[in-house]
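The listed protein sequences derive, respectively, from chains A and B.
The working numbering puts the first residue of the first sequence at 594, with every later residue one more than the last.
The working numbering puts the first residue of the second sequence at 594, with every later residue one more than the last.
We put the CB at the ideal spot given by N, CA and C, even for glycine.
Worksheet: the structure to be examined is printed underneath.
There are 2 protein chains.
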Amino acid sequence: MSRWEPDARGRLERAALELYLERGFERTSVAEIAERAGLTERTFFRHYTDKREVLFAGSSALQELLVDTVARAPGPATPMEAVAAALQAAAAVLQERREHARRRHAVITANAELQERELIKLAALAAGLADALRQRGVDDASASLAAEAGIAVFKVAFRRWTEQAGEKDLSEFIGESFAGLKAVTAGT
Amino acid sequence: MSRWEPDARGRLERAALELYLERGFERTSVAEIAERAGLTERTFFRHYTDKREVLFAGSSALQELLVDTVARAPGPATPMEAVAAALQAAAAVLQERREHARRRHAVITANAELQERELIKLAALAAGLADALRQRGVDDASASLAAEAGIAVFKVAFRRWTEQAGEKDLSEFIGESFAGLKAVTAGT
DNA sequence: TACCCGATGACAGTCACTGACATCAGCTGC
DNA sequence: GCAGCTGATGTCAGTGACTGTCATCGGGTA
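Given below as structure tokens:
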């Protein structure tokens, strides 16, 4: 048997989410998270750069999924089609873990600092999408615009998904939002 | 004559921008800003909620300008036309103070925490735009999408404006970006 | 003249985050 | 099977952002 309990990161992430739900982000100290995970505060900061980051561990995997999906989109796909495919792929992942996604999102919407972190993660996703589009030969400005517009669609769709009373899939909200964006930009 | 030097906020804002430019955001302490402004650290925090906020004092004025411009757009204007008018109004203000805008932006792009704050301010602008559109009778989803898309256009245009070698006006970049968005969303 | 108010200062405290050094189970080379 | 290295963790002493509380006092007000 090994010297320490396994999966320190997993324990920290679960402890953090639990505590943020129980008492709120601000009223939870890093020492408390570490204690619940059976570790020390110092070790927390070896795994996560700050108190917020522990909620965003999965975002790099999402980023890879988006970028890969754009890269693998069929050759003739337009930039927005490639972005749409990427967002649908991401939606499928989130739909699978919808309870976790909603709990996490509830914590984030309750705290401005966490919203800031979420926004910069979304900006990073946009930058990754834009890069992937450029790799496909899309010109610089169009790549940025398609990526930013795609993230805008995602933000709106995700919010509607979490606020709905029913159980409609995230992918449907994304489809509707893309259609809505098309309609609204047509009238300029 | 009054008991204290006037314009404490202005002195703090100028001192902060200077120091952030001279030594970087992270390597500047609030005590140093306050000292250069002839005040104490405690007083700094009476004027600004945190060390970042001192760079964003003007954002509420920008928000009011955007919201007012949408509210006053001609009745038959489409949502995107109203948003475009608002962004052009904001662009004119930034163009006027372009040296200040660029210095400030240089500080922000050099630091992730400041970028986070900028993003949440932009998100607030989007929320304000969306509200103003709803007041005009635009349906909920379209209002959010037009607002978010408008902010996406603004982000791209602003970045191109600051990165350009020449002296082209921000309003031109915004016009081009709106056209680019229209082109890119048409191909879905 | 007495009083209040609002902007500031003084000071102590909490907590996020960092740097430096210590510990020690398990693997590696011999 | 032993010496030594490694990597994840612990310990401890900071620094600096931010907060609560009380004191100060020039200027306006009754």
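For R616/A, the enclosing alpha helix (DSSP H) has its first and last residue at 601-616. About 27 Å separates the Cβ atoms of Q757/B and A717/B, ruling out a contact at the 8 Å cut-off.
Around the C-beta of A677/A, 16 or more other C-beta atoms lie within 10 Å, and the residue is accordingly described as buried.
Under the Cβ criterion of 9 Å, L738/B is counted among the residues facing chain A.
Taking T621/A as reference, the option from L612/A, E628/A, L722/A, A703/A with the minimal CA-CA separation is L612/A. Contact annotation: in the segment 718-746 of chain A, residues whose CB is within less than 8 Å of a CB in chain B are A734, S735, S737, L738, A739, E741, A742, I744, A745, V746. When DSSP states are grouped into helix, strand and coil, E646/B belongs to the helix group.
The DSSP-derived three-state label of T671/A is coil. Residue environment: W597/A is assigned as exposed (fewer than 16 neighbouring CB atoms within 10 Å of its CB, all protein chains considered). In the structure shown, W754/A adopts helical secondary structure according to DSSP, grouped into three states. The beta carbons of K775/B and T778/A sit about 5 Å from each other, so the pair counts as a contact at 8 Å. Within chain A, the C-beta atoms nearer than 9 Å to that of E674/B come from G780, T781, in chain order. DSSP places S764/A inside the alpha helix (DSSP H), whose first and last residues are 763-779. For F649/A, no Cβ of chain B is located within less than 9 Å of the residue's own Cβ. For the 9 Å CB-CB criterion, V623/A and E606/A do not form a contact. Look at the beta carbons and you see the segment 706-716 of chain A not touching the segment 717-731 of chain B: under three pairs across the two are nearer than 8 Å.
Listed along chain A, no residue sits closer than 7 Å to A627/B by beta-carbon distance, the nearest being about 23 Å off.
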